[in-house]
Amino acid sequence: MKYLCLVYSEEELLEAVPDRECVAYDAALRADGRCLASEALQPVHTATTVRVRDGRVSITDGPFAETKEQLAGFYMIEADDLDEAIQIAAKIPPARVGSVEVRPVRPIRETVVASRLREAGGPSSAGV
Amino acid sequence: MAWSEDDAERMREAVESVYRAESRRVLATLIRLLGGDFDLAEEALHDAFTAALDRWPRDGLPSNPRAWLVSAGRFKAIDVLRRRARFDASLAHVADRLGDGVTEPEPYDDEGIADDRLRLVFTCCHPALPAHARVALTLREVCGLTTEEIARAFLTAAPTVAQRIVRAKAKIRDARIPYRVPSPAELPERLGTVLQVVYLVFNEGYSASSGESVTRPDLTGEAIRLGRLLTELLPEPEVMGLLALMLLHESRRTARTSADGEIVLLEDQDRALWDRDLIAEGTALAERALSSGRIGPYALQAAISAVHAESPDAASTDWSQIVGLYDVLARAAPSPVVELNRAVAVAMRDGPAAGLALVDAILARGDLADYHLAHSARGELCRRLGRTADARAAYRRALGLAKQEPERRLLARRLAEPAAGSTTTG
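As given, the protein sequences belong to chains R and L, one line each in that order.
Counting from 1, position 126 in the first sequence corresponds to residue 126 in this note's numbering; the numbering is continuous, with no gaps.
Counting from 1, position 262 in the second sequence corresponds to residue 390 in this note's numbering; the numbering is continuous, with no gaps.
What follows is the structure, given as structure tokens:
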């Protein structure tokens with residue numbers, strides 16, 4: 001099952017975590033086949049937030065919310081269950097200075113396809 | 129064979145008695161066999177007992193009712209899944225995987241059932257679930273309490289409890305919290321969470337945080353039952369320590385409240401009312417836990433309770449030993465509350481002035497400012513020193529913070545008392 005690991009941290013604290021270490025961990029995860037996507041992000045001052053309300057596009061400078069810890073990067077991982085995902089997240093180097101949110105992916109592509117099949121009278125039509 | 133009303137009634141009672149004794153264990157195993165699906169397992173449990181009510185009068189009580197129920201429940205659940213798969217193709221592979229090779233109820237062996245109850249407890253107490261939900265889920269799934277019983281015990285609304293349980297099960301399903309006993313590496317911390325839940329349930333029953341009665345025996349009973357189950361399945365020192373602590377506290381329950389429902393403090397309790405069997409059991413467990421070499425906070429607290437239990441009267445209490453144990457506890461699990469309790473013990477050993485200095489130091493730091501017991505301790509120590517005005521102020525502060533009715537009445541009585549041996553100072 002896919003989990004997204006969102007890495008949050010206070011930016012100054014991240015300076016204590018060398019990029020080399022993050023790259024090495026990322027490489028190990030990818031070698032295991034457990035990392036599907038991952039990136040470090042530019043600092044939060046480079047962020048721009050886009051909202052559309054009543055058809056009007058509003059652009060604001062900065063992240064969507066001013067919080068102490070900000071999004072620094074992400075890993076999309078493959079794990080059998082939450083405990084395994086937690087173990088992987090715990091080894092992400094910034095976890096020792098920040099927080100890693102672990103959230104399961106919602107398989108909306110699959111569920112949308114399945115509901116289309118049901119509506120079109122798919123495998124169920126014979127049994128109803 | 130003609131069935132009389134008596135026979136039918138006796139069989140119904142037999143099924144009910146099996147339900148009371150076995151339903152939780154059957155549930156724990158069904159959850160594992162049905163891929164960790166709590167709701168499906170509960171349906172299966174219900175179906176299994178329905179089948180039992182139908183078949184056992186005809187076929188007689190099975191030699192292994194638990195195994196019979198597990199087989200019947202599993203068989204019916206797979207049937208349910210296969211029927212559902214006809215309407216939702218994505219479920220077909222689930223039914224296939226769970227039903228692999230199962231074409232009729234097969235005899236189920238008892239091995240691994242002990243592990244299933246542990247799996248259930250650890251899953252219900254998973255740290256990824258909110259704290260309230262862990263308690264509610266454990267009481268519901270492991271102890272078999274109804275939502276209403278849980279709600280009444282914690283003075284919450286039943287729909288709130290129900291919602292917590294629904295959300296917890298949803299998280300178990302959606303985040304895929306695995307149905308397993310943690311690995312040795314994870315065990316210490318995960319066990320800590322389980323023990324915390326059990327102790328929370330016990331504390332809520334032992335000294336209810338609000339409301340009319342001082343104790344709610346139903347919760348303490350459930351917590352002790354859980355503690356016994358855990359000790360049986362996982363005889364770790366801290367598990368034994370927690371059970372010991374609970375048994376020793378419980379041994380004093382009758383003495384703790386007067387006939388009018390008023391609090392009787394430890395020093396005033398009639399020790400003849402203490403349950404000696406619980407004390408013996410608790411003390412033995414505490415000793416086993418302490419001799420293990422891995423001494424934890426629960427075992428230490430149990431040891432402190434055992435020192436009180438051993439003392440024939442309040443005056444003979446070995447306060448030096450208690451202070452010594454608090455010294456170790458303060459290193460093992462430092463907290464302002466532990467410091468406060470140690471201060472009270474120091475006051476007993478060295479006099480109220482020594483204890484008051486420690487309590488004042490805690491409050492001066494800003495700790496325990498809103499903890500009513502800190503202020504009532506301060507009040508008591510000031511009272512013993514003859515500092516009447518300070519005592520009154522402290523009791524008033526405590527009264528403002530206390531939520532439990534009997535405690536409030538005790539504090540109000542203290543405030544109404546003429547000062548004992550008061551001087552003009554303070």
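We treat Cβ as the ideally placed atom computed from N, Cα and C, and that holds for glycine.
The model shown is predicted, which means the values in this text are computed figures rather than measured ones.
With distances taken between CB atoms, is the gap from residue i to residue j smaller than 9 Å?
| i | j | result |
| --- | --- | --- |
| Ile423 of chain L | Val456 of chain L | yes |
| Leu543 of chain L | Leu509 of chain L | no |
| Leu361 of chain L | Ala430 of chain L | no |
| Ala434 of chain L | Gly410 of chain L | yes |
| Arg477 of chain L | Ala458 of chain L | no |
| Gly369 of chain L | Ala414 of chain L | yes |
| Leu197 of chain L | Leu209 of chain L | no |
| Lys204 of chain L | Ala180 of chain L | no |
| Arg301 of chain L | Gly201 of chain L | no |
Can you pull the chain B residues whose beta carbon is under 7 Å from the beta carbon of residue i, in chain order?
| i | result |
| --- | --- |
| Arg304 of chain L | Absent from the structure is chain B; the protein chains it does hold are R and L. |
Look at the alpha carbon of residue i and the alpha carbon of residue j, and state the distance between them as a whole number of angstroms.
| i | j | result |
| --- | --- | --- |
| Ala261 of chain L | Arg515 of chain L | 46 Å |
| Asp346 of chain L | Thr382 of chain L | 14 Å |
| Val322 of chain L | Val309 of chain L | 12 Å |
| Phe109 of chain R | Asp80 of chain R | The amino acid at residue 109 of chain R is misidentified as Phe; the sequence shows Arg. Cα-Cα distance, rounded: 20 Å. |
| Phe330 of chain L | Thr348 of chain L | 5 Å |
| Asp396 of chain L | Thr445 of chain L | 13 Å |
| Ser125 of chain R | Val113 of chain R | Reliability fails at Ser125 of chain R, whose pLDDT of 47 lies under 50, so the model's placement of it is uncertain and no value is given. |
| Ile129 of chain R | Gly55 of chain R | Since the first residue of chain R shown is 1 and the last is 128, residue 129 of chain R is not available in this structure. |
| Thr552 of chain L | Ala522 of chain L | With a pLDDT of 41 at Thr552 of chain L, under the threshold of 50, the modelled position of that residue is not reliable, and no figure is offered here. |
| Asp26 of chain R | Thr48 of chain R | 26 Å |
| Arg160 of chain L | Tyr307 of chain L | 7 Å |
| Pro77 of chain L | Ser419 of chain L | Look at the range of chain L in this structure, 129 to 554, and you will see that residue 77 of chain L is not part of it. |
| Ala460 of chain L | Leu168 of chain L | 43 Å |
| Arg353 of chain L | Ser379 of chain L | 15 Å |
| Gly33 of chain R | Glu78 of chain R | 8 Å |
| Val146 of chain L | Arg152 of chain L | 10 Å |
| Leu71 of chain R | Ala65 of chain R | 10 Å |
| Asp135 of chain L | Gln291 of chain L | 41 Å |
| Ala195 of chain L | Asp495 of chain L | 54 Å |
| Pro480 of chain L | Arg541 of chain L | 21 Å |
| Thr60 of chain R | Ala489 of chain L | 50 Å |
| Leu6 of chain R | Leu36 of chain R | 14 Å |
The alpha helix (DSSP H) spanning residue i covers which residue range?
| i | result |
| --- | --- |
| Gln70 of chain R | No alpha helix (DSSP H) holds Gln70 of chain R; the beta strand (DSSP E) holding it covers Gln70 to Glu78. |
| Thr321 of chain L | Leu315 to Tyr334 |
| Ala502 of chain L | His500 to Arg512 |
| Thr48 of chain R | Premise fails: Thr48 of chain R lies in the beta strand (DSSP E), Thr48 to Arg53, not in any alpha helix (DSSP H). |
| Lys299 of chain L | Ala286 to Asp302 |
| Leu267 of chain L | Neither: Leu267 of chain L is in no alpha helix (DSSP H) and is coded neither H nor E. |
| Gln397 of chain L | Looking at the DSSP string, Gln397 of chain L is not in any alpha helix (DSSP H), and its letter there is neither H nor E. |
| Ala481 of chain L | Pro480 to Ala492 |
| Ala461 of chain L | First-last for Ala461 of chain L: undefined, no H or E at that position. |
| Gly201 of chain L | Pro193 to Ala213 |
| Thr67 of chain R | It is not in any alpha helix (DSSP H) - Thr67 of chain R carries neither H nor E in the DSSP assignment. |
| Phe282 of chain L | Here Phe282 of chain L belongs to no alpha helix (DSSP H), and DSSP marks it neither H nor E. |
| Ile108 of chain R | Ile108 to Glu119 |
| Glu171 of chain L | Phe166 to Asp187 |
What would DSSP say about residue i, mapped onto helix, strand or coil?
| i | result |
| --- | --- |
| Tyr147 of chain L | helix |
| Leu36 of chain R | strand |
| Glu545 of chain L | coil |
| Thr445 of chain L | coil |
| Gln532 of chain L | strand |
| Ile450 of chain L | helix |
| Thr274 of chain L | coil |
| Ile432 of chain L | helix |
| Thr382 of chain L | helix |
| Ile391 of chain L | strand |
| Pro94 of chain R | helix |
| Cys108 of chain L | What the structure shows of chain L is the stretch from 129 to 554, and residue 108 of chain L is not part of that stretch, so it cannot be assessed. |
| Gln42 of chain R | coil |
| Gly410 of chain L | helix |
| Ile305 of chain L | coil |
| Leu155 of chain L | helix |
| Ala372 of chain L | helix |
| Ile88 of chain R | helix |
| Gly349 of chain L | helix |
| Val472 of chain L | helix |
What residue does the beta strand (DSSP E) around residue i start on, and which one ends it?
| i | result |
| --- | --- |
| Ile59 of chain R | Arg56 to Asp61 |
| Lys2 of chain R | Lys2 to Ser9 |
| Val100 of chain R | Ser99 to Pro104 |
Quick one: measure Cβ to Cβ for residue i and residue j, integer angstroms, because I've assumed they're closer than 8 Å.
| i | j | result |
| --- | --- | --- |
| Val249 of chain L | Val270 of chain L | 6 Å |
| Ala259 of chain L | Thr275 of chain L | Not quite, the Cβ-Cβ distance comes to about 18 Å (not below 8 Å), so this is no contact. |
| Gly507 of chain L | Ala519 of chain L | 5 Å |
| Ala149 of chain L | Arg245 of chain L | Wrong, their Cβ atoms sit about 13 Å apart, outside the cutoff. |
| Ser9 of chain R | Gly98 of chain R | 3 Å |
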